[in-house]
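I have placed the structure first, in the form of structure tokens, so that the comments after it can refer back to it.
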Amino acid sequence: MQLKYIQILCLFSWLPFSGLAQDLHFTQQYANRLHLNPAYAGLHADYSAAFTYRNQWPKLQGAFVTNQFAGYYRLKNQQSSLGLIVSNDKAGEGGLAKFQVGGQYAYQSILSEKLAFSLGMQLSYGSQRLDYTRLTFGDQLNDDGTVNPNSQELNFYDPVRYISVATGGVLYNNNFWVSLAGHHLNRPVIGFNDASAYLPGKVILNTGYKFTLKTYYYLNKPYEWSVTPSVTYTQQGPFKKSDIALYTTYTPFTFGLLYRGLPLLSNYAYDQSVSFLAGIALASWRIGYSYDVPLSPFGTRNGGAHEISLSFEKVDYNKIFKKRVSGKNYKRIPLPGV
């Protein structure tokens with residue numbers, strides 16, 4: 036039994052460093068924009084679906100692996116959108132797993148000829164559990180050095196289930212955006228047998244501006260060469276992090292350079308990295324890949340992070356083109372493709 040508690044203690048000692056003490060995060064923020072703010076639902080396409088795979092610190096035994104699906108559909112009134120986000124996060128050899136599924140609703144309104152606003156809400160169900168089959172207890176160790184596959188130890192931590200509430204808003208036009216979102220507003224309890232352990236609220240501020248160097252339409256489809264700087268600030272409990280990024284798009288390619296964990300506005304040096312990103316758009320499909328080059332000794336030893344995204348977006352360019360020709364506004368947020 037003592038070995039059992041030691042293993043659990045070692046597992047939880049990793050939490051501040053693994054990111055599970057906070058929410059998961061992605062390098063390809065805009066391929067996972069519904070993770071940033073539910074108000075992003077419906078702003079980039081008529082409907083969209085995206086899958087992301089992230090492997091952080093792959094050289095560490097039992098890497099931290101995240102899979103996420105996110106999608107939305109803009110309703111016929113063109114102002115309301117419904118979104119869905121599903122994520123699964125597994126951490127280390129100890130088998131700590133976190134699952135969350137959330138439903139989103141967003142409403143977009145035109146404020147003026149050049150400005151629009153989107154308000155979004157999210158209600159999520161989450162669970163957190165330990166996989167005891169991946170742990171080895173004292174009664175499994177034999178004198179000859181072999182290990183029994185079964186243990187008589189009882190599972191003493193039941194899975195934790197919780198409900199989380201989030202809301203956010205996005206102010207935008209055809210060139211810039213500013214997004215503010217609050218997550219876990221109800222501070223759900225996530226502690227194993229500890230009602231005082233709760234998931235702290237999280238605030239995400241995100242903004243950017245697209246400088247268009249060249250653009251034209253061919254067969255009612257847009258082509259562009261643009262440069263887009265962006266900044267993201269995240270605070271969750273004592274955890275603070277700032278990211279700066281520069282994207283360039285030359286249709287159909289997008290490239291990005293990110294500095295994650297800017298020292299001026301971040302307080303966890305272990306999470307600093309420089310990230311490189313590349314993506315390509317093939318008709319309605321987008322494929323993105325990014326790699327985080329860690330700047331801390333811990334991250335360097337354990338291999339940074341790989342991230343792959345695959346997304347599908349459907350945009351009615353005929354409708355956009357006709358409305359622009361007729362002088363009517365059609366607001367589409369200028370986010371990078373990946």
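Each position in the sequence shown, counted from 1, maps to that position plus 35 in the working numbering. Positions of the beta carbon are idealized from the N, C-alpha and C atoms, including for glycine.
Is it buried or exposed, residue i, if we count other Cβ atoms within 10 angstroms and call 16 or more buried?
i	result
Ile120	buried
Trp320	exposed
Leu165	buried
Ser144	exposed
Ala318	exposed
Ile368	buried
Val373	buried
Leu299	exposed
Phe288	exposed
Taking DSSP as the reference, what is the three-state secondary structure of residue i?
i	result
Asn337	helix
Asp306	helix
His218	strand
Ala105	strand
Pro93	coil
Arg367	coil
Leu345	strand
Leu300	helix
Leu69	helix
With a threshold of 7 Å on Cβ separation, who are the neighbours of residue i within its own chain once the five nearest residues in sequence on each side are excluded?
i	result
Ala232	Val224, Ile225 and Gly226
Lys149	Asn208
Val350	Ala80 and Asp81
Starting from the Cα of residue i, find the closest Cα among the options and give me that residue.
i	options	result
Phe290	Leu297, Leu281, Pro298 and Gly296	Leu281
Gln270	Gln157, Val205, Gly204 and Ala216	Ala216
Ser147	Tyr324, Gly106, Ala201 and Tyr207	Tyr207
Phe333	Leu95, Glu348, Ala318 and Gln139	Leu95
Ala151	Val373, Lys366, Leu370 and Gln91	Lys366
Ile239	Phe311, Phe134, Gln63 and His70	His70
Val200	Lys256, Asn177, Gly137 and Asp179	Gly137
Arg375	Gln135, Tyr253 and Ala66	An answer regarding residue 375 cannot be provided, because it is not within the stretch 36 to 373 covered by the chain.
Trp296	Pro287, Asp306 and Gln114	According to the sequence as given, residue 296 is Gly; it is not Trp. Checked all of Pro287, Asp306 and Gln114; the closest Cα to Gly296 is Asp306.
Thr202	Ala316, Ile368 and Leu220	Leu220
Ala340	Tyr326, His218 and Gly161	Tyr326
Ser162	Gly204, Asn337 and Asp58	Asp58
Only counting the same chain, and skipping five residues up and downstream in sequence, which positions put a Cβ closer than 6 Å to that of residue i?
i	result
Lys275	Ser301 and Asn302
Thr263	Gly243, Lys245, Tyr282 and Pro371
Arg89	Thr101 and Glu342
Ala84	Gly106 and Phe347
To the nearest angstrom, how far is it from the Cα of residue i to the Cα of residue j?
i	j	result
Thr101	Ser261	31 Å
Ser48	Lys125	Only weak support is given to the placement of Ser48: the predicted model assigns it a pLDDT of 39, under 50, and the value that follows is read from those uncertain coordinates. Rounded to whole angstroms, Ser48 to Lys125 spans 15 Å at the Cα level.
Gln139	Ala105	10 Å
Lys133	Ser159	13 Å
Tyr82	Phe347	8 Å
Tyr285	Tyr258	8 Å
Lys237	Val213	17 Å
Gly272	Trp92	24 Å
Tyr4	Leu312	What is shown of the chain runs 36 to 373, which leaves residue 4 out entirely.
Tyr75	Asn177	55 Å
Tyr65	Gly323	11 Å
Ser344	Asp179	47 Å
Gly314	Asn67	14 Å
Ala141	Thr250	29 Å
Given the structure, does residue i come close to the ligand SAH, in the sense that its CB is under 7 Å from one of the ligand's heavy atoms?
i	result
Ile225	Inclusion of the ligand SAH in the displayed structure is not the case, the ligand content being empty and no account of it being possible.
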